[in-house]
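Heads up: the sequence shown at position 170 corresponds to 170 in the working numbering, and the numbers run straight through without jumps. Where a beta carbon is used, it is the ideal one built from N, C-alpha and C, also for glycine. Computed from a predicted structure; not experimentally measured. What follows is a short report on a single structure.
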Amino acid sequence: MTFGALLMEGKERLRAAQIEEWELDAWYLLEYVTGMSRSRYYLDRECAAKEAQVLSYRELIGKRSSHIPLQYLTGSQEFMGYSFCVNEQVLIPRQDTEILVEEALGHLSPGMEILDLCTGSGCILLAVLKLKPGIKGTGTDLSRGALEIAEKNRERLQVEAEFLQSNLFEQVEGRYDCILSNPPYIPSAVIDTLMPEVCRQEPRMALDGGEDGLYYYREIVRQSPAYLKSGGMLFLEIGYDQAEAAGELLKQDFTGITVKKDLAGLDRVIYGRLRP
Ligand code: GLN
């Protein structure tokens with residue numbers, strides 16, 4: 001079987017399974033299995049694939065057809081220009097979350113200490129530490145499985161960071177210059193309306209923000225003042241319709257409240273500074 005025929009078969013199967021990005025995903029899986037670049041493929045597409053390549057490609061196409069996200073199959077996702085390892089224990093890093101990192105970077109300077117709650121794959125914390133040397137970072141998550149991935153990513157990116165298993169602030173000590181979080185924020189009843197890749201495959205505990213989606217914002221905003229240094233800042237990723245509610249929560253103890261939009265023009269990040 002040639003590489004060309006194999007790719008064609010993959011595309012057809014993904015299209016039949018109604019995978020949104022069927023063409024791209026079929027290609028990425030072929031690239032993953034064979035290690036060949038696009039240009040290599042065009043040179044070699046009439047060459048025969050090895051039996052083992054055919055078998056593993058078909059197996060992956062089968063899994064992708066059952067809506068397992070591409071990133072859980074290849075085990076990685078790019079975020080802020082770095083490759084993070086992922087598995088089904090963590091939310092797949094989203095491009096939208098880069099807005100949170102970029103906003104925070106603009107307010108950080110060497111010597112500061114930062115805390116990332118619900119760190120998941122560690123993508124937020126580790127990207128910040130990588131891009132802003134001289135910062136001390138701690139990440140927490142309730143999920144042991146997520147922390148194992150975060151620790152792997154710390155090795156992969158070669159940065160120093162401390163990870164703690166903790167329900168929000170429970171195991172956290174001391175005060176920080178900045179707290180960051182992309183907590184679960186989907187209202188419970190909305191989760192099952194999301195695409196199957198998300199609602200059936202990504203960890204529900206990384207998505208579920210309680211009945212109104214605001215549970216974690218309430219907890220984080222209420223407890224943050226006790227963990228922030230004077231003038232410290234809190235950065236939160238929010239859902240497209242949560243800026244007003246999150247702003248109301250922040251107003252009590254924070255000033256300079258700012259909302260930033262994502263590339264789709266939707267509210268995505270809110271932040272403020274602890275009122276003196
Ligand atoms: N902080 C991680 C991320 O942004 C995980 C977020 C989550 O699990 N809700 O990808």
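Taking a C-beta distance under 8 angstroms as the contact criterion, Ile114 and Val101 do not qualify as a contact pair. Leaving aside the five residues that flank Phe254 on each side, the residues in its chain whose CB is nearer than 7 angstroms to its CB run, in chain order, Leu234, Gly272, Arg273, Leu274, Arg275. When the beta-carbon positions are compared, Ser181 and Leu91 stay at least 8 angstroms from each other. Per DSSP, the unbroken alpha helix (DSSP H) holding Asp25 starts and ends at 22 to 34. Under the DSSP definition of a beta bridge, Ser83 partners with Glu78. Going down the chain, each residue whose beta-carbon is closer than 6 angstroms to a heavy atom of the ligand GLN shows up: Leu91, Pro93, Thr97, Cys118, Thr119, Gly120, Ser121, Cys123, Ile124, Asn182, Pro183, Pro184, Ala206. Bounds of the alpha helix (DSSP H) holding Gly4 are 3 to 16. The shortest C-alpha to C-alpha distance from Leu105 to any of Leu126, Cys85, Leu117 is the one to Leu126. Gln165 sits in a strand when the DSSP states are folded into three classes. In the DSSP assignment, Thr97 falls within the unbroken alpha helix (DSSP H) covering 97 to 105.
Partner residues in the beta bridge of Tyr271, as assigned by DSSP, are Phe235, Thr258.
Lys50 counts as exposed, since fewer than 16 other beta carbons sit within 10 angstroms of its beta carbon. Per DSSP, the continuous alpha helix (DSSP H) segment holding Asp44 begins and ends at 38 to 44. Sequence-distant partners of Leu14 (beyond 5 residues in either direction) whose C-beta falls short of 7 angstroms from its own C-beta, in its chain, are Trp22, Asp25, Ala26, Ile61, Arg64, Ser65.
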